[in-house]
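Novice: Per the numbering used here, the sequence shown starts with residue 217, numbered consecutively.
For glycine and all other residues, C-beta sits at the position ideal for the given N, C-alpha and C.
My questions all concern the structure below.
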Amino acid sequence: MTVREILKMGDPRLLRVAEPVTEFGTPEMAQLIADMFDTMHAANGAGLAAPQIGVNLQLVIYGFKQNPRYPDAPQVPETVLINPVLTPLSDEKEEGFEGCLSVPGLRGSVPRWTKLRYEGVDQLNQPIARDVDGFHARVVQHEVDHLLGMLYPMRITDFTKFGFTDVMFPDLDPNDDD
Ligand code: NI
């Protein structure tokens with residue numbers, strides 16, 4: 217088990233556009249994905265993008281049954297998504313609170329597409345195509361933004377809904393200091 221250091225906002229490596237993955241099924245890829253799951257689980261994250269641990273590849277992971285950082289969120293299947301492409305399925309956006317392991321201690325309300333299709337491949341280059349909405353759609357948009365060098369504060373439009381987690385959500389476990 218290897219928990220890797222998560223880069224924090226301000227690190228220029230979080231602002232890069234990630235490179236497509238071209239090699240699949242390698243031991244290095246398997247190790248990277250195992251480390252990412254260890255790192256995400258250790259931090260109770262809902263998702264993690266490879267650039268957050270300094271690896272500039274188009275690879276994200278996400279998913280959980282129950283997440284203490286988002287206690288009201290419905291479960292999202294555990295997924296490895298590589299070289300993703302997102303297509304909104306309507307013009308509708310909705311606001312919802314997000315946190316980020318690279319932006320510890322803060323939450324902000326971010327507008328996201330309510331429904332979208334995502335396509336990509338898994339770690340064995342098998343295709344993934346899903347139509348999703350709600351929190352699942354939000355998580356994917358947040359993670360894929362990391363591949364574009366975007367952090368959620370860059371998407372906030374209403375800064376009255378941006379603040380410290382322990383102030384805005386005092387019922388959340390303070391040990392999940394994200
Ligand atoms: Ni994030």
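With burial defined as no fewer than 16 other Cβ atoms inside 10 Å of the residue's Cβ, what is the status of Glu314: buried or exposed?
Specialist: For the purposes of this step, residue 314 is taken as residue 98 along the sequence shown, with counting starting at 1. The residue in question, Glu314, is buried, as its Cβ has 16 or more Cβ neighbours within 10 Å.
Novice: Grab me the residues of Val301's own chain with a C-beta within less than 8 Å of its C-beta, minus the 5 sequence neighbours each way, in chain order.
Specialist: Against the sequence shown, residue 301 aligns to sequence position 85. Closer than 8 Å at Cβ, skipping near neighbours: Tyr334, Glu335 and Gly336.
Novice: With DSSP as the reference, identify every bridge partner of Gly350, one or two as the case may be.
Specialist: Along the sequence shown, read from residue 1 onward, the residue named residue 350 stands at position 134. Answer by DSSP bridge pairing: none, since Gly350 is not bridged.
Novice: Classify Tyr278 as helix, strand or coil using the three-state DSSP reduction.
Specialist: As a first step, residue 278 is located in the sequence shown; it is residue number 62 there, counting from the start. Three-state result, Tyr278: strand.
Novice: Can you give me the start and stop residues for the alpha helix (DSSP H) that Val222 sits inside?
Specialist: For the purposes of this step, residue 222 is taken as the residue at position 6 of the sequence shown. Residue identity check: residue 222 is Ile in the sequence provided, not Val. Neither: Ile222 is in no alpha helix (DSSP H) and is coded neither H nor E.
Novice: Taking a contact to mean a Cβ-Cβ separation below 7 Å, would you say Ile249 touches Leu264 in this structure?
Specialist: Counting from one through the sequence shown, the residue named residue 249 turns up at place 33. Counting from one through the sequence shown, the residue named residue 264 turns up at place 48. No, these two residues do not count as a Cβ contact at 7 Å.
Novice: How about Asn260 and Arg285: do their beta carbons lie closer than 7 Å?
Specialist: As a position in the sequence shown, residue 260 is number 44, starting the count at 1. As a position in the sequence shown, residue 285 is number 69, starting the count at 1. The answer is yes: Cβ separation under 7 Å.
Novice: Roughly how many angstroms lie between the CA atoms of Val319 and Ala234, to the nearest whole one?
Specialist: Position 103 of the sequence shown holds residue 319. Position 18 of the sequence shown holds residue 234. Their backbone Cα atoms lie some 19 Å apart in a straight line.
Novice: Starting from Glu244, trace the beta strand (DSSP E) in both directions and tell me its first and last residue.
Specialist: Working through the sequence shown from its first residue, we reach residue 244 at position 28. Looking at the DSSP string, Glu244 is not in any beta strand (DSSP E); the run it does join, the alpha helix (DSSP H), is Pro243 to Ala258.
Novice: For the alpha helix (DSSP H) that contains Thr381, what are its first and last residues?
Specialist: Your numbering for residue 381 matches position 165 in the sequence shown. Thr381 to Met384 is the span of the alpha helix (DSSP H), which, as asked, contains Thr381.
Novice: Start and end of the beta strand (DSSP E) containing Ile298?
Specialist: Within the sequence shown, numbered from 1, the residue matching residue 298 stands at position 82. Unbroken beta strand (DSSP E) run through Ile298: Val292 to Pro304.
Novice: What does DSSP give as the partner residues of Lys309 in its beta bridges?
Specialist: Within the sequence shown, residue 309 is the residue found at index 93, counting from 1. Answer is Trp329, bridged to Lys309.
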